[in-house]
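Take 210 as the starting number for the sequence shown in the working numbering and just add one per residue. Take a look at the structure set out below.
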Amino acid sequence: MSKHLPKLFQALCALGILTVFNAQAGNKELDVALDVAAQDNGNVTATLQITNTGKGTQKLLSWYADLEEEAIFEVKRNGETVSFFGPHYKRPAPEDKDFIKLKSGETISRTFELSGLYDLSEAGTYEIAYQVKSFNLFDANNGQIKKQQRQVEALNSNAVTLWLDGISTKGSGNGKGPGGGGSGDCVGGTCFTGRCDNAQKNDILSAITAADQITNDSVAYLASHSANNTSARYQTWFGAATSARYAKAVANFNAINDAIDNQDKTFDCSCKKTYYAYVYPNQPYTVYLCRAFWSAPELGTDSRAGTIVHELSHFTAVAGTDDVVYGQSGAKSLAISDPDQALNNADSHEYFAENTPKQN
Numbered sequence: 210m211s212k213h214l215p216k217l218f219q220a221l222c223a224l225g226i227l228t229v230f231n232a233q234a235g236n237k238e239l240d241v242a243l244d245v246a247a248q249d250n251g252n253v254t255a256t257l258q259i260t261n262t263g264k265g266t267q268k269l270l271s272w273y274a275d276l277e278e279e280a281i282f283e284v285k286r287n288g289e290t291v292s293f294f295g296p297h298y299k300r301p302a303p304e305d306k307d308f309i310k311l312k313s314g315e316t317i318s319r320t321f322e323l324s325g326l327y328d329l330s331e332a333g334t335y336e337i338a339y340q341v342k343s344f345n346l347f348d349a350n351n352g353q354i355k356k357q358q359r360q361v362e363a364l365n366s367n368a369v370t371l372w373l374d375g376i377s378t379k380g381s382g383n384g385k386g387p388g389g390g391g392s393g394d395c396v397g398g399t400c401f402t403g404r405c406d407n408a409q410k411n412d413i414l415s416a417i418t419a420a421d422q423i424t425n426d427s428v429a430y431l432a433s434h435s436a437n438n439t440s441a442r443y444q445t446w447f448g449a450a451t452s453a454r455y456a457k458a459v460a461n462f463n464a465i466n467d468a469i470d471n472q473d474k475t476f477d478c479s480c481k482k483t484y485y486a487y488v489y490p491n492q493p494y495t496v497y498l499c500r501a502f503w504s505a506p507e508l509g510t511d512s513r514a515g516t517i518v519h520e521l522s523h524f525t526a527v528a529g530t531d532d533v534v535y536g537q538s539g540a541k542s543l544a545i546s547d548p549d550q551a552l553n554n555a556d557s558h559e560y561f562a563e564n565t566p567k568q569n
């Protein structure tokens with residue numbers, strides 16, 4: 210022991226009565242079991258079971274049994290801790306009502322989807338364990354004990370190791386970011402916010418590829434025709450052509466195509482409304498995807514691919530379209546009654562690109 214330590218400190222250490230502030234205390238009467246499984250759609254589920262193996266009632270701070278409240282899992286990929294995308298809260302000191310009470314022999318079981326809150330986008334060997342610690346993990350009164358006597362309380366599970374393929378890199382070559390694999394919560398030039406899970410990320414990337422296909426087809430159609438040589442496809446969705454109107458259609462689809470091919474885009478999965486999607490026109494290139502998007506087909510009328518075309522057209526940096534009318538019937542009527550407004554209508558661009566039923 211260093212001769213420079215205060216004599217009182219040395220004496221306390223010698224007597225063994227100095228409490229180490231950062232020591233960790235577990236709870237041997239709570240048994241934690243963890244099972245982790247990779248799903249066919251790319252999602253990863255973790256099933257947590259906590260059992261009171263003691264004779265009396267045990268308490269556990271409820272925040273530490275809820276992934277929406279705390280980062281309750283330690284997740285590593287090839288030995289490196291991965292990012293957690295969930296919230297970190299400032300809360301008041303816990304009260305007794307904030308604790309889960311487990312009677313002797315009682316078990317709580319919770320299942321969580323992990324890929325929406327942890328970066329599981331890259332292929333690799335993952336190690337996942339339930340690991341939590343707090344001064345108040347088991348007892349609300351712990352915060353009232355004198356500081357020098359307090360201990361960090363911890364609760365841990367077994368660690369589960371598994372290989373994950375990550376998310377598909379299909380469609381990831383668009384944008385200015387590097388293609389071929391995830392980085393943070395991005396794949397190539399496509400980034401994800403709002404707790405997109407792996408299945409949603411795969412759906413988005415596939416929809417971008419499909420949107421690129423139908424936009425390329427639209428550009429090719431417009432290049433092979435002219436204001437004096439339109440056909441049923443153009444006339445159905447944009448009405449009578451003039452040189453100025455046709456030039457606007459060409460410019461709009463070239464801009465949409467550029468946004469798909471060359472701009473970094475962010476897709477947010479947090480919207481729970483029944484709509485397809487929405488954007489803020491002056492905030493390119495972030496698209497908020499809602500419930501109808503996930504149940505839509507990838508191609509065809511009101512598809513995921515078409516939704517992306519629709520939303521990208523809204524950005525003032527792209528085509529600056531508006532929502533004059535919704536639906537195929539309204540868009541067809543608009544093309545007849547007001548061709549200029551048809552070229553300002555996002556759904557008209559979507560239906561032209563989707564081309565369902567197909568027209569030449």
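The C-beta atom is built at its ideal place from N, Cα and C for all residues, glycine as well.
Status (buried if at least 16 other CB within 10 Å, exposed otherwise) for residue i
{"i": "Ser324", "result": "buried"}
{"i": "Gln357", "result": "Legend: pLDDT at Gln357 = 47, less than 50; position of this residue unreliable, no value from coordinates given."}
{"i": "Arg454", "result": "buried"}
{"i": "Trp372", "result": "exposed"}
{"i": "Asn250", "result": "exposed"}
{"i": "His523", "result": "buried"}
{"i": "Asn564", "result": "buried"}
{"i": "Ala416", "result": "buried"}
Rounded straight-line distance, which links the Cα of residue j to that of residue i
{"i": "Tyr443", "j": "Asp473", "result": "30 Å"}
{"i": "Gly405", "j": "Ile517", "result": "One detail in the question is off: residue 405 reads as Cys in this sequence, not Gly. Cα to Cα, the separation comes out at about 16 Å."}
{"i": "Lys268", "j": "Asn367", "result": "20 Å"}
{"i": "Leu329", "j": "Ala505", "result": "25 Å"}
{"i": "Ser557", "j": "Phe293", "result": "40 Å"}
{"i": "Ile413", "j": "Ala419", "result": "10 Å"}
{"i": "Tyr487", "j": "Val496", "result": "6 Å"}
{"i": "Gln422", "j": "Lys237", "result": "58 Å"}
{"i": "Thr475", "j": "Leu498", "result": "10 Å"}
{"i": "Phe230", "j": "Pro301", "result": "Summary for Phe230: the model assigns pLDDT 34, below 50, so the residue's position carries little reliability, and this model does not support an answer."}
{"i": "Glu362", "j": "Tyr273", "result": "12 Å"}
{"i": "Lys312", "j": "Thr262", "result": "9 Å"}
{"i": "Phe347", "j": "Ile469", "result": "51 Å"}
{"i": "Asn471", "j": "Lys285", "result": "33 Å"}
{"i": "Gly295", "j": "Ala408", "result": "18 Å"}
{"i": "Glu331", "j": "Lys299", "result": "31 Å"}
{"i": "Ser179", "j": "His297", "result": "Given a span of 210 to 569 for the chain in the structure shown, any question on residue 179 remains unanswerable."}
{"i": "Asp549", "j": "Asn252", "result": "45 Å"}
{"i": "Gly515", "j": "Phe462", "result": "13 Å"}
{"i": "Pro493", "j": "Asp244", "result": "41 Å"}
First through last residue of the beta strand (DSSP E) which encompasses residue i
{"i": "Thr254", "result": "Val253 to Asn261"}
{"i": "Gln340", "result": "Gly333 to Ser343"}
{"i": "Leu243", "result": "Leu239 to Ala247"}
{"i": "Tyr497", "result": "Thr495 to Leu498"}
{"i": "Val284", "result": "Phe282 to Arg286"}
{"i": "Gln444", "result": "From DSSP, Gln444 is part of no beta strand (DSSP E) but of the alpha helix (DSSP H) over Ala441 to Phe447."}
{"i": "Ser318", "result": "Thr316 to Glu322"}
{"i": "Val369", "result": "Val361 to Leu373"}
Selection from the options that minimises the alpha carbon distance to residue i
{"i": "Ile259", "options": "Gly314, Tyr298 and Glu278", "result": "Gly314"}
{"i": "Val533", "options": "Thr525, Val527 and Ala544", "result": "Ala544"}
{"i": "Arg500", "options": "Cys478, Leu508 and Tyr489", "result": "Cys478"}
{"i": "Thr483", "options": "Asp412, Thr475, Ile469 and Trp503", "result": "Trp503"}
{"i": "Phe401", "options": "Asp307, Trp446, Ala468 and Tyr327", "result": "Tyr327"}
{"i": "Ala456", "options": "Glu277, Leu431 and Cys480", "result": "Leu431"}
{"i": "Ala242", "options": "Gly251, Asn252 and Thr256", "result": "Thr256"}
{"i": "Pro566", "options": "His519, Asp511 and Gln550", "result": "Asp511"}
{"i": "Glu279", "options": "Asp240, Asn261, Phe321 and Thr262", "result": "Phe321"}
{"i": "Lys650", "options": "Thr525, Ala441 and Gly375", "result": "Past the edges of the chain, shown from 210 to 569, lies residue 650, and the structure says nothing about it."}
{"i": "Asp305", "options": "Gln550, Glu336 and Ala349", "result": "Ala349"}
{"i": "Val369", "options": "Glu336, Ser343, Leu346 and Lys342", "result": "Glu336"}
{"i": "Gly509", "options": "Leu521, Asp549, Glu559 and Gln550", "result": "Glu559"}
{"i": "Glu520", "options": "Asn407, Ala562 and Lys299", "result": "Ala562"}
{"i": "Leu552", "options": "Val253, Gln537 and Phe447", "result": "Phe447"}
{"i": "Leu364", "options": "Phe344, Asn345 and Gln340", "result": "Gln340"}
{"i": "Ala338", "options": "Leu270, Ala246 and Pro303", "result": "Ala246"}
{"i": "Asn569", "options": "Phe308, Lys299, His434 and Glu331", "result": "His434"}
{"i": "Ser538", "options": "Ala441, Thr445 and Arg319", "result": "Thr445"}
{"i": "Gly536", "options": "Gly235, Val291 and Tyr485", "result": "Tyr485"}
Close beta carbons around residue i, own chain, < 7 Å, minus the five adjacent residues each side
{"i": "Ala450", "result": "Ala436, Thr439 and Tyr443"}
{"i": "Asn287", "result": "Gly333 and Thr334"}
{"i": "Asn466", "result": "Thr424, Asn425 and Val428"}
{"i": "Gly386", "result": "Only weak support is given to the placement of Gly386: the predicted model assigns it a pLDDT of 36, under 50, and the question is left unresolved by the model."}
Own chain residues within Cβ distance below 8 Å of residue i, not counting five before or after
{"i": "Asn554", "result": "Thr530, Asp531, Asp532, Val533, Val534, Ala540 and Leu543"}
{"i": "Gly235", "result": "Glu362, Ala363, Leu364 and Asn365"}
The alpha helix (DSSP H) enclosing residue i, as first and last residue numbers
{"i": "Val527", "result": "Looking at the DSSP string, Val527 is not in any alpha helix (DSSP H), and its letter there is neither H nor E."}
{"i": "Thr418", "result": "Asn407 to Ser433"}
{"i": "Val534", "result": "No alpha helix (DSSP H) contains Val534, which DSSP labels as neither H nor E."}
{"i": "Gln550", "result": "Pro548 to Ala551"}
Close-in-space but distant-in-sequence residues of the same chain around residue i (CB under 6 Å, 5 per side omitted)
{"i": "Ile317", "result": "Ile259"}
{"i": "Thr459", "result": "The sequence shown places Val at residue 459, not Thr. Hits under 6 Å: Leu431."}
{"i": "Ala464", "result": "Val527 and Ala528"}
{"i": "Tyr266", "result": "Note on residue identity: the sequence assigns Thr, not Tyr, to residue 266. These residues qualify, in order along the chain: Lys310 and Lys312."}
{"i": "Pro490", "result": "His523, Phe524 and Thr525"}
{"i": "Lys264", "result": "Ser313"}
Closer than 7 Å to chain B by CB, residue i
{"i": "Asn463", "result": "Checking the listed chains, one finds no chain B in this structure; it contains a single protein chain."}
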